[in-house]
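Worksheet: the structure to be examined is printed underneath.
In our numbering, the protein residues as written are 232 to 491.
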């Protein structure tokens, strides 16, 4: 089986405060190293579970240390990852370092794509976060999600939406910007074990009935102005802070994330 591993930084083990993930901060290089520890643990677990080829992508800006990546995995760029998903070569999908959707209580650094701009993202009447949106994209190409690691809130969220998956809880939020983390060795072990078990998970791709009604609620009207102008003719403005669009199929990630 071939595996694709998406990554993010907020749900990585050991990261217990918002200050740590600031690129200009003294701890950022340490956070990047922790990211690689988690990713490599997932790679090791997937290999133990029978993975043949593993692809991974840096889903959080400048958070990877490519020289530390387990050589058994192929690093692809954000420009390339959609092509890998479309290729038909990926059997299962995992997320490492995930976080809960915007507005989740007792969740560490909850947000959906942009903590500054995005307020709610709603598909067919259901509020989705990044994990579910990514699952919706890969699900359009028949790929199921089998494992998610991150804080306790995102693991609960993933199981609610995605069903029969493995999760690795590496931290628990005490407030939005603070968390209590597992010791590093325990966290890495949890991710490795979850990834290994996930290779045996029989899960259906996450799919929603077409046409898809996509509703993006933004924090401010000027953010809505920008989206409306950039996607002129492709979205309908609902009110000062909200746009909508309809999709009969999913062809690209940008379509469902209002980024195209």
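Note that CB positions come from ideal geometry on N, CA and C, so glycine has one too.
C-alpha distance - residue i paired with residue j, whole-angstrom precision
i           : j           : result
residue 271 : residue 313 : 22 Å
residue 287 : residue 479 : 29 Å
residue 240 : residue 329 : 7 Å
residue 248 : residue 394 : 29 Å
residue 254 : residue 293 : 8 Å
residue 316 : residue 361 : 17 Å
residue 484 : residue 349 : 17 Å
residue 392 : residue 438 : 10 Å
residue 267 : residue 471 : 41 Å
residue 307 : residue 298 : 14 Å
residue 280 : residue 477 : 39 Å
residue 340 : residue 447 : 20 Å
residue 310 : residue 319 : 17 Å
residue 396 : residue 445 : 25 Å
residue 452 : residue 491 : 20 Å
Closest by C-alpha distance to residue i, when choosing among the options
i           : options            : result
residue 274 : 474, 300, 457      : 300
residue 259 : 234, 277, 295, 347 : 295
residue 419 : 276, 263, 445      : 276
residue 305 : 234, 242, 415, 342 : 234
residue 326 : 251, 351, 363      : 363
residue 344 : 245, 236, 441, 450 : 450
Residues bridged to residue i (per DSSP)
i           : result
residue 456 : Answer by DSSP bridge pairing: none, since residue 456 is not bridged.
residue 473 : 448, 470
residue 234 : 285, 323
heavy atom of the ligand GDP below 7 Å from residue i C-beta
i           : result
residue 351 : With respect to the ligand GDP, the structure shown offers nothing to examine, as it has no ligands at all.
Nearest-angstrom Cβ-Cβ length linking residue i and residue j, presumed shorter than 8 Å
i           : j           : result
residue 238 : residue 290 : 5 Å
residue 374 : residue 323 : 7 Å
Problem set entry | Segment contact, 8 Å Cβ cut-off, at least three pairs: the region 408 to 423 with the region 342 to 358 | no
Problem set entry | Any 3 or more C-beta pairs closer than 8 Å across the region 431 to 443 and the region 375 to 392 | yes
Problem set entry | Any 3 or more C-beta pairs closer than 8 Å across the region 382 to 390 and the region 400 to 407 | yes
For this session: Pair every Cβ in the region 417 to 429 with every Cβ in the region 457 to 464, then say whether three or more of these pairs are closer than 8 Å.
Result: no
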